[in-house]
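Written below as structure tokens is the structure these notes are about.
Number of protein chains: 2
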Amino acid sequence: MRIGIIGLGLIGGSLGLDLRRLGHEVWGVSRQTQTCDLALERGVADRVSLDLASLAEAEIVMLCTPLDALESTVRDLVPYLSPETLLTDVGSVKGAVVETIEPLWANFLGGHPMAGTSDQGIGAALPSLFAGAPYVLTPTPRTPVGAVERLHCLVESLGAQPIVCSPADHDRAVAWISHLPVMISSTLIGSCADEPTDRVRDLAQSLASSGFRDTSRVGGGNPELGTLMARYNRQALLDCARAYRDRLDGLISLIDSENWAAITAQLESTREARPQYLK
Amino acid sequence: MRIGIIGLGLIGGSLGLDLRRLGHEVWGVSRQTQTCDLALERGVADRVSLDLASLAEAEIVMLCTPLDALESTVRDLVPYLSPETLLTDVGSVKGAVVETIEPLWANFLGGHPMAGTSDQGIGAALPSLFAGAPYVLTPTPRTPVGAVERLHCLVESLGAQPIVCSPADHDRAVAWISHLPVMISSTLIGSCADEPTDRVRDLAQSLASSGFRDTSRVGGGNPELGTLMARYNRQALLDCARAYRDRLDGLISLIDSENWAAITAQLESTREARPQYLK
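Right, here's the structure in full:
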């Protein structure tokens, strides 16, 4: 197939590497000449352009820009497309994205490959990045049936695990397991850094080890990405964060009232629950 | 030196391995015959006993029992000791421990080796477990000067990094970097598990990956250990948890009011602060 990729960063670049290996013809579009050059050099695309018009003949176009560039990109792109062209995106939020793009292009299906590294940009692109990872597809009642079938096949060919659900279910699930962790982890770092006694703050820095390292990891990540998650998944994140805050209040009350049996029971239940999330 | 170790679990067992390698004579005490047998078999101690009286001639005795067994162990032990015997412990909380033991034995110095693995018991004991790790010593105005010097030397001989501070500073620092992370991490797992819609909870379980795995790790740990931390470090943990909760409330308000610039600024500051804790 002729597959267009707009946005040649970590995800777009990695998709390009795999899709070319699978025999597809990959046409890349970036806003930066330097990225276009690198894409050719690294074998991410068969041809590259700064111009969205270059994708007019593509059968599938994958939008791999940041969330806040999606709408303007689609508005600029659709005048060039033929109605058969299937449009998809790779954004980490689906409700707001689908609501925005669906009215602009009927043959659209939202997608979210759940893979990544801590690095960004085309320099971080890797072959087989999606192998074994979930790849969520979020059809709505308006999505053409053929769109789901075609993307399902493509996702399977990447070695990823296709998961089909509604945009709302996706957003609530990733709020729990991805967006809320960023917020609570960042809040941990911020609270420690706000310790008013210098001596204690220095000591905490000296004593921190693997427990702090792991719990704080996602809170020390890309600030722009974290903000985009919060902005585009605002309501689901707010709902989950408030439920979390209420549960934390409950735990603080148990410590305050020295209800050690109840605390042990809670810690036992979370030790039991965690493996369900590590399958 | 003749060094007694009471409680032959991960920490006591690992200390025994290193201290014997350094040429000390190590006498172990456990409440379980099976643990005594294993201690000899694994080379953790030169001799072992179920009887605290066997440590009468020890020059240093290291208390390696769980926090809630320390007081009764010291009460049972001290009738056998001579005043020169230096007593120390390895508990992860120091204020409550020092307050309890100091009146029972003047020649006491609280200690906390900041090393461990996710496994427990003598079967998990490892040589060089403490190499490169902080080992906190918490003298008070009542601690004999010689006690600090002797333990400082012993800690250095293990390859650990001695850090001397007050019991209160230790407890506040570990509340931030160890005890609070357990509580917020467990609360994350509990909140996700409480998702009312089965379909979304199942989806969250399928989509969870490294971010959730890391943020939830310490919350899925040993429930008894977590409860002991909360119980013995109650006030410091409460203070830190409330400061954390207030900060989380602030972040929730920023998301609610769509103050994206302020959220980006917060995430930037925590990205900058985190490396200070990973030295």
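Protein chains in written order, with my numbering: chain A, 1 to 279; chain B, 1001 to 1279.
Every residue gets a Cβ at the ideal spot worked out from N, C-alpha and C, and that includes glycine.
Just so we're clear, the structure is a prediction, and the values are computed from it rather than from any experiment.
Per-residue contacts from residue i into chain A (C-beta, under 8 Å)
{"i": "B/Tyr1277", "result": "Ile189, Cys192, Ala204, Gln205, Ala208, Phe212, Arg213 and Ser216"}
{"i": "B/Thr1227", "result": "Trp260, Ile263, Thr264 and Leu267"}
{"i": "B/Met1001", "result": "The premise fails here: B/Met1001 is roughly 27 Å from chain A at the closest Cβ pair, so nothing lies under 8 Å."}
Bridge-paired residues (DSSP) for residue i
{"i": "A/Ser49", "result": "A/Val29"}
{"i": "B/Gln1161", "result": "B/Pro1134"}
{"i": "B/Leu1292", "result": "Limits of chain B in this structure are 1001 at one end and 1279 at the other, which puts residue 1292 of chain B out of reach."}
{"i": "B/Gly1004", "result": "B/Trp1027 and B/Val1061"}
{"i": "A/Pro113", "result": "A/Tyr135"}
Chain B residues whose Cβ lies nearer than 9 Å to that of residue i
{"i": "A/Ile11", "result": "Those within 9 Å of A/Ile11 in chain B number zero; the least Cβ separation is about 14 Å."}
Check whether residue i and residue j have beta carbons under 8 Å apart
{"i": "A/Gly13", "j": "A/Leu63", "result": "no"}
{"i": "B/Ala1241", "j": "B/Leu1188", "result": "no"}
{"i": "A/Val44", "j": "A/Ala125", "result": "yes"}
{"i": "B/Tyr1277", "j": "B/Ile1177", "result": "yes"}
{"i": "B/Thr1140", "j": "B/Glu1102", "result": "yes"}
{"i": "A/Leu70", "j": "A/Gly4", "result": "no"}
{"i": "A/Val218", "j": "A/Ser185", "result": "yes"}
{"i": "B/Asp1018", "j": "B/Pro1127", "result": "yes"}
{"i": "A/Arg213", "j": "B/Gly1220", "result": "no"}
{"i": "A/Met114", "j": "A/Glu59", "result": "no"}
{"i": "B/Leu1109", "j": "B/Val1148", "result": "yes"}
{"i": "B/Leu1015", "j": "B/Thr1117", "result": "no"}
{"i": "A/Gly290", "j": "A/Thr88", "result": "Absent from the structure is residue 290 of chain A, since the part of chain A shown begins at 1 and ends at 279."}
{"i": "A/Leu104", "j": "A/Arg150", "result": "no"}
{"i": "B/Leu1129", "j": "B/Asn1107", "result": "no"}
{"i": "A/Leu22", "j": "A/Ser157", "result": "yes"}
{"i": "A/Val98", "j": "A/Thr138", "result": "yes"}
{"i": "A/Thr215", "j": "B/Thr1215", "result": "yes"}
{"i": "B/Leu1267", "j": "A/Gly226", "result": "yes"}
{"i": "B/Val1200", "j": "A/Ala173", "result": "yes"}
{"i": "B/Leu1154", "j": "A/Ile255", "result": "no"}
Partner residues on chain B for residue i, Cβ-Cβ distance less than 7 Å
{"i": "A/Ile6", "result": "Under the 7 Å cutoff, chain B gives no residues; its nearest Cβ is about 24 Å from A/Ile6."}
{"i": "A/Gly220", "result": "Thr1270, Arg1271 and Arg1274"}
{"i": "A/Val200", "result": "Asp1169, Arg1172 and Ala1173"}
{"i": "A/Pro223", "result": "Thr1264, Leu1267, Glu1268 and Arg1271"}
Within chain B, the residues that residue i reaches when beta carbons sit closer than 8 Å
{"i": "A/Ala243", "result": "Ser1191 and Asp1194"}
{"i": "A/Pro139", "result": "Going along chain B, no residue has its Cβ under 8 Å from A/Pro139, so there is no contact; the nearest lies around 15 Å."}
Where residue i meets chain A, residues with beta-carbon distance less than 9 Å
{"i": "B/Leu982", "result": "What the structure shows of chain B is the stretch from 1001 to 1279, and residue 982 of chain B is not part of that stretch, so it cannot be assessed."}
Name, going along the chain, the residues of the segment 1252 to 1279 of chain B whose beta-carbon falls closer than 9 Å to a beta-carbon of chain A.
Ile1252, Leu1254, Ile1255, Asp1256, Glu1258, Trp1260, Ala1261, Ile1263, Thr1264, Ala1265, Gln1266, Leu1267, Glu1268, Ser1269, Thr1270, Arg1271, Glu1272, Ala1273, Arg1274, Pro1275, Gln1276, Tyr1277, Leu1278 and Lys1279
Segment contact, 8 Å Cβ cut-off, at least three pairs: the segment 253 to 263 of chain A with the segment 1200 to 1215 of chain B
Taking a cut-off of 8 Å for Cβ pairs, the segment 253 to 263 of chain A and the segment 1200 to 1215 of chain B do not touch, as fewer than three such pairs fall below it.
Sufficient close CB pairs (3 or more, under 8 Å) joining the segment 164 to 171 of chain A to the segment 91 to 99 of chain A
yes
Below 9 Å between beta carbons is the criterion; list the residues of the segment 1058 to 1075 of chain B that meet it against any residue of chain A, in chain order.
none
Mind listing which residues of the segment 1158 to 1181 of chain B have their C-beta closer than 8 Å to chain A's C-betas, in chain order?
Ile1163, Cys1165, Asp1169, His1170, Arg1172, Ala1173, Val1174, Trp1176, Ile1177, Ser1178, Leu1180 and Pro1181
Short of 9 Å Cβ to Cβ, which residues in the segment 1124 to 1150 of chain B face chain A?
Ala1133, Pro1134 and Val1136
Interface residues of the segment 1230 to 1241 of chain B facing chain A [CB-CB below 8 Å]:
The residues in question are Ala1230, Arg1231, Arg1234, Leu1237, Leu1238, Cys1240 and Ala1241.
Flag this pair as touching only if the segment 1024 to 1037 of chain B and the segment 1047 to 1057 of chain B have three or more C-beta atom pairs under 8 Å; answer yes or no.
The segment 1024 to 1037 of chain B vs the segment 1047 to 1057 of chain B: in contact.
Quick one, which residues of the segment 10 to 29 of chain A are near chain B if we go by CB-CB under 9 Å, in chain order?
none
Assess contact between the segment 1211 to 1230 of chain B and the segment 1243 to 1252 of chain B, defined as three or more Cβ pairs (one per stretch) separated by less than 8 Å. Is contact present?
no
Could you tell me whether the segment 25 to 33 of chain A touches the segment 127 to 147 of chain A, where touching means 3 or more Cβ pairs closer than 8 Å?
These segments do not touch.
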